[in-house]
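Residue numbers (this note's numbering): 355 to 593.
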């Protein structure tokens, strides 16, 4: 069975390699494009350069970072992102969690460290700045990249669905799931969904598909890529 991966360009390779070790073939059709959004010098100095702590949940945010003269700690989601930041900023303490909610708990437990800045994209599942402000913690949000639907993905996806070359699709974000459903509805492809297995990173993604006649839904036990990949192997290897 062939599994379709829908993450942006450059994000599918490691997942595809992992699945190939278990005999699972994959196709890729990125449904989203990620664009760096330069941060104005004035905003960089006002927020990021003078921050005590940064919060980063995606590697896409790193491209906009330069010198961090005042930052004492960086809070991140995922071991790989943490390793990358340690290499770039070896003198800064890095705190890591495997999920955004777990990271929020860590930050709240150490919120006396000062002023926080959440460096993010325009689309986020959890807005740290909103949650921390509610708890009385100083936190600003700076947009460092934009995630937009990939306009040229439509025909690629249509061809794959109509040809029957895919029966399983993996979703790593709610935004990519929304893009997928929009294409299905606009192109009248609902009849092909009856045989599809959908895999998703978290429960909130599954809500996007509530009106589609999908054969199977599978939600990762934990909202991590590792957990999702392990679940896909378990399900797709069943006879």
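Where is the CB? At the ideal position from N, CA and C, for every residue including glycine.
*What's the C-alpha gap between residue 460 and residue 519?*
Your numbering for residue 460 matches position 106 in the chain shown. Your numbering for residue 519 matches position 165 in the chain shown. Cα-Cα distance, rounded: 43 Å.
*Would you tell me roughly how many angstroms separate the C-alpha atoms of residue 530 and residue 560, rounded to the nearest one?*
As a position in the chain shown, residue 530 is number 176, starting the count at 1. As a position in the chain shown, residue 560 is number 206, starting the count at 1. Approximately 12 Å between the Cα atoms of the pair.
*Below 8 Å on the Cβ atoms is my guess for residue 528 versus residue 562; work out the distance and round it to an integer in Å.*
As a working note, residue 528 is residue 174 in the chain shown. As a working note, residue 562 is residue 208 in the chain shown. About 6 Å separates the two Cβ atoms, so the contact holds.
*With a cut-off of 8 Å, do at least 3 Cβ pairs link the segment 367–376 to the segment 582–591?*
yes
*Within the same chain, show all residues whose beta-carbon is closer than 8 Å to that of residue 381, passing over the 5 residues directly before and after it, in chain order.*
Mapped onto the chain shown, residue 381 falls at position 27. 356, 357, 358, 359, 514, 519 and 520.
*For the candidate residues 555, 523, 516 and 500, whose alpha-carbon lies nearest to that of residue 386?*
Reading the chain shown from its first residue, position 32 is the one you call residue 386. Comparing Cα positions, the closest option is 500.
*Residues bridged to residue 554 by DSSP?*
Taking the chain shown and counting its residues from 1, one reaches residue 554 at position 200. DSSP, once it has assigned bridges, lists 525 and 573 as partnering residue 554.
*Could you give the DSSP three-state label for residue 476: helix, strand or coil?*
Working through the chain shown from its first residue, we reach residue 476 at position 122. Correct three-state label for residue 476: coil.
*Which runs of the beta strand (DSSP E) spanning at least 3 residues fall entirely within the segment 419–507, listed in chain order?*
427–431, 447–451, 470–475 and 493–503
*May I have the straight-line CA-CA distance separating residue 431 from residue 450, to the nearest angstrom?*
As a position in the chain shown, residue 431 is number 77, starting the count at 1. As a position in the chain shown, residue 450 is number 96, starting the count at 1. Approximately 6 Å, taken between the alpha carbons.
*Have a look at residue 375 and residue 426 and give me their C-alpha separation to the nearest angstrom.*
Your numbering for residue 375 matches position 21 in the chain shown. Your numbering for residue 426 matches position 72 in the chain shown. Computed Cα separation, rounded: 40 Å.
*Taking 7 Å as the cut-off, decide whether the C-beta atoms of residue 458 and residue 428 are in contact.*
For this step, residue 458 is matched to residue 104 along the chain shown. For this step, residue 428 is matched to residue 74 along the chain shown. Cβ atoms of residue 458 and residue 428: not closer than 7 Å.
*Going by CA-CA distance only, name the one from 405, 481 and 419 that's closest to residue 392.*
Mapped onto the chain shown, residue 392 falls at position 38. Here the closest residue by C-alpha is 419.
*Count the other CB atoms, across all protein chains shown, that sit within 10 Å of the CB of residue 411; report buried if there are 16 or more and exposed otherwise.*
Here residue 411 refers to the residue found at position 57 when the chain shown is read from its first residue. With 16 or more Cβ atoms within 10 Å of its Cβ, residue 411 is classed as buried.
*Could you tell me the boundaries of the alpha helix (DSSP H) in which residue 588 lies?*
Locating residue 588 in the chain shown gives position 234, counting from the first residue. Looking at the DSSP string, the run of the alpha helix (DSSP H) that includes residue 588 is 579–590.
*asked:* From the DSSP secondary-structure annotation, give me the bridge partner or partners of residue 358.
replied: Numbered from 1 along the chain shown, position 4 holds the residue referred to as residue 358. In the DSSP output, where bridge partners are listed per residue, residue 358 has 381 and 523.
*Can you tell me the Cα-Cα spacing of residue 525 and residue 363, whole angstroms?*
Here residue 525 corresponds to residue number 171 of the chain shown, with the count starting at 1. Here residue 363 corresponds to residue number 9 of the chain shown, with the count starting at 1. Approximately 14 Å, taken between the alpha carbons.
_On a Cα-Cα basis, can you pick out the residue from 572, 523, 403 and 537 that is closest to residue 509?_
Position 155 of the chain shown, counted from the first residue, corresponds to residue 509. When only C-alpha atoms are compared, the closest one is 537.
*Please say whether residue 571 and residue 590 have beta carbons closer to each other than 7 Å?*
The count along the chain shown starts at 1 and reaches residue 590 at position 236. The count along the chain shown starts at 1 and reaches residue 571 at position 217. Their beta carbons are not under 7 Å apart, which means residue 590 does not touch residue 571 by this criterion.
*asked:* So the candidates are 517, 549 and 503; which of them puts its Cα closest to the Cα of residue 532?
replied: Sequence index remark: in the chain shown, residue 532 carries index 178 (1-based). The residue with the shortest Cα to Cα distance from residue 532 is 503.
*asked:* Bridge partners for residue 366 per DSSP, in chain order?
replied: Within the chain shown, numbered from 1, the residue matching residue 366 stands at position 12. Bridge partners of residue 366: none, in fact.
_Helix, strand or coil, according to DSSP, for residue 410 in the structure here?_
The count along the chain shown starts at 1 and reaches residue 410 at position 56. Strand.
_Helix, strand or coil, according to DSSP, for residue 543 in the structure here?_
As a working note, residue 543 is residue 189 in the chain shown. If DSSP states are grouped into helix, strand and coil, residue 543 belongs with coil.
_Proximity winner among 540, 422, 414 and 438, relative to residue 390 (alpha-carbon distances)_ = Walking along the chain shown from the start, residue 390 turns up at place 36. It is 414.
*Outcome for residue 424 when other beta-carbon atoms lying within 10 angstroms are tallied against a minimum of 16*: On the chain shown, residue 424 is found 70 positions in, with the first residue counted as 1. The residue is exposed, with fewer than 16 neighbouring Cβ atoms inside 10 Å.
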